[in-house]
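Asks: Residue numbers (this note's numbering): 13 to 85.
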Amino acid sequence: MTALSPKKLLHSKWSALAPRDREKHFLVVAVEHDPLDAQRVTTITLEAVLSRRHYTLPWRELADAAQWQRGWR
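Quick look at the structure:
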């Protein structure tokens with residue numbers, strides 16, 4: 013996978029490779045920054061397209077090609 017840019021995460025689309033509760037497609041709706049360093053991203057909030065549930069996770073987890081794929085597939 014290509015390198016992730018924290019600047020381009022907001023509103024990006026992701027697909028879970030192992031869907032849970034029929035939730036496969038997600039949209040990044042929030043990006044949290046380190047309070048001491050505004051350039052450093054700490055966590056993101058994903059919204060499931062199907063159920064509108066929100067999940068917060070470390071942004072680097074999206075780089076795991078075994079769990080996430082960029083775009084909706």
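Using N, Cα and C, we set each Cβ at its ideal position, and we do this for glycine too.
Predicted model only: the values in this text are computed from it and were never measured.
Which same chain residues end up closer than 6 Å to alanine 28 when comparing Cβ atoms and leaving out the 5 residues on each side of it in sequence?
Replies: What you label residue 28 is simply residue 16 of the sequence shown in a count that begins at 1. Lys36.
Asks: Where leucine 89 and arginine 32 are concerned, what is the direct C-alpha to C-alpha distance, given to the nearest angstrom?
Replies: Residue 89 is absent from the structure shown; the chain starts at 13 and stops at 85.
Asks: Work out the CA separation of threonine 54 and arginine 80 for me, nearest whole Å.
Replies: Stepping through the sequence shown from its first residue, residue 80 is reached at position 68. Stepping through the sequence shown from its first residue, residue 54 is reached at position 42. According to the sequence provided, residue 80 is tryptophan. The question's arginine does not apply to it. C-alpha separation (whole angstroms): 18 Å.
Asks: Quick test of your reading: isoleucine 56 and leucine 48, contact by CB under 8 Å. State the CB separation rounded to the nearest angstrom.
Replies: One-based indexing of the sequence shown puts residue 56 at position 44. One-based indexing of the sequence shown puts residue 48 at position 36. That pair is no contact at about 18 Å.
Asks: Given this structure, state the Cα-to-Cα distance separating alanine 78 from alanine 30, to the nearest angstrom.
Replies: Taking the first residue of the sequence shown as position 1, residue 78 is located at position 66. Taking the first residue of the sequence shown as position 1, residue 30 is located at position 18. Distance between the alpha carbons of alanine 78 and alanine 30: 9 Å.
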